[in-house]
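In UniProt numbering, the protein residues as written are 1 to 387. Built from N, CA and C at the ideal position, the CB exists for glycine as well. The structure under discussion appears below in the form of structure tokens.
As structure tokens, this is what we get:
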């Protein structure tokens, strides 16, 4: 177990280092106009530069580029098969996969770092937060502080890694009589230097507690927005963890999941000029932003201080919005640690080697909970939430 654990952390760190390193380099160096197609450039140039709301357009891959204060976003969409008695896929379905590092989409799903159950066995973090937005399916959580949980189908887990925590995120195949579709976003948001060493903490935003904004246009077409973070009209999201960059309303952090009915229109309200705002168009055929046509599965960076008209095609659209004022501090990232200096990264590795951030109190690193358990959260202080 010790050897496989070390190999897992090496692969985990290498993969994230390459993703995040590339992200920050590209954000720092790319001219937004370099990301526009010729057709889009032509349309963009037809508008006065000071009023054109679009700064850049990029196709989306598995990992999505983000802007300060965000670090990273991944869209997981796995159509897992039926599970067996152990909530695993049938072992025959694992043939031909790179077990332990399975990120290639095969038969509609991936195992990720899991060996028998898909997911991410126990691994450490320091210096930032994870926001896990589960659209479909269930996630089993366990951590080095004794916390545990099962959440999904609209729930959100917001975890402050702070000075250090290990956690696992496994995707148990609970259903034996039907396929187990999993769709989620994992979003990393940075912590400022003053809060990087706060105590680790996680908070559940249960789906039934997340407010929904509803709007019907002149044709009666519905726009629905899940307000996961921030404020939209009279809908205010549940409070994030207390040390989050999002906890201060003046930072204007927003995480909104937007669904617009086919051929519907909606106007995105403006924020402050200092805010970084990105729209991730992840489902639908096409949409128009301020008169510019955007193809499906593209990210669009826009000016936050302008209202933005969104018009969607026949099949409707789903859009994830991430925005916030930047922290504007140096970012040094290596694997699962995000700090401000290389020396702090070296210290993070040394601290982890010495303390294991509290150790691992569970029987297995790919900890899953009993099939018959519903949604729940057990926190490090012993408090429990049962849904």
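DSSP three-state label for residue i, please.
i	result
residue 103	coil
residue 235	strand
residue 91	helix
residue 380	coil
residue 120	strand
residue 317	strand
residue 144	coil
residue 367	coil
residue 76	strand
residue 299	strand
residue 34	Because residue 34 sits at a pLDDT of 43, beneath the cut-off of 50, its placement in the model cannot be relied upon, and the following sentence gives the value as read from the coordinates. Correct three-state label for residue 34: helix.
residue 224	strand
residue 193	helix
residue 208	helix
residue 451	Residue 451 lies beyond the residue range present for the chain, which begins at 1 and ends at 387; the question has no answer from this structure.
residue 264	coil
residue 152	strand
residue 139	strand
Per the DSSP calculation, residue i is bridged to which residue(s)?
i	result
residue 289	292, 310
residue 160	129, 201
residue 109	106
residue 245	Looking at the DSSP assignment, residue 245 forms no beta bridge with any residue, so it has no partner.
residue 180	80
residue 283	318
residue 229	255
residue 86	The partner list for residue 86 (beta bridge, DSSP) is empty, contrary to what the question assumes.
residue 388	This structure cannot speak to residue 388, because the chain is shown only from 1 to 387.
residue 63	74
residue 444	A question about residue 444 goes unanswered here, because the residues of the chain that appear run from 1 up to 387.
residue 219	Answer by DSSP bridge pairing: none, since residue 219 is not bridged.
residue 385	377
residue 187	73, 131
If I follow the unbroken beta strand (DSSP E) through residue i, where does it start and stop?
i	result
residue 129	128-136
residue 325	Run containing residue 325: none; DSSP gives neither H nor E here.
residue 212	212-216
residue 56	54-59
residue 337	337-339
What residue from the options has the CA that sits closest to residue i's CA?
i	options	result
residue 194	244, 317, 204, 346	244
residue 380	358, 94, 70, 64	358
residue 144	70, 215, 122	122
residue 234	228, 115, 213	213
residue 208	100, 163, 156, 174	156
residue 130	183, 70, 88	70
residue 55	299, 227, 223, 165	299
residue 397	197, 236, 191	Residue 397 lies beyond the residue range present for the chain, which begins at 1 and ends at 387; the question has no answer from this structure.
residue 270	372, 127, 254	254
residue 366	111, 273, 164	111
residue 264	219, 285, 249	219
residue 312	221, 166, 113	221
residue 135	109, 172, 186, 297	186
residue 343	336, 352, 332	332
residue 140	340, 226, 172	172
residue 168	142, 307, 197	142
residue 305	267, 132, 288	267
residue 371	124, 81, 138, 74	138
residue 276	76, 290, 117, 322	322
residue 360	165, 160, 384	165
residue 152	133, 160, 290, 146	133
residue 182	289, 386, 81, 337	81
residue 378	201, 262, 99	201
residue 389	341, 103, 91	Coverage of the chain is limited to positions 1 through 387, which leaves residue 389 absent and any answer about it impossible.
residue 158	238, 249, 309, 384	238
residue 363	146, 99, 289	146
Would you mind reading off the limits of the alpha helix (DSSP H) that contains residue i?
i	result
residue 333	Looking at the DSSP string, residue 333 is not in any alpha helix (DSSP H); the run it does join, the beta strand (DSSP E), is 332-334.
residue 166	Taken as a continuous stretch (DSSP letters only), residue 166 belongs to no alpha helix (DSSP H), being part of the beta strand (DSSP E) at 165-170.
residue 342	342-355
Would you say residue i lies against chain C (beta-carbon separation less than 9 Å)?
i	result
residue 288	The question asks about chain C, but that chain is absent: this structure has only one protein chain.
Report the CB separation of residue i from residue j in whole angstroms; it is logged as a contact under 8 Å.
i	j	result
residue 325	residue 274	5 Å
residue 89	residue 83	7 Å
residue 301	residue 256	So it is not a contact: roughly 16 Å between Cβ atoms.
residue 318	residue 284	6 Å
residue 280	residue 64	6 Å
residue 162	residue 197	6 Å
residue 124	residue 282	No, residue 124 and residue 282 are not in contact; Cβ-Cβ is about 29 Å, not under 8 Å.
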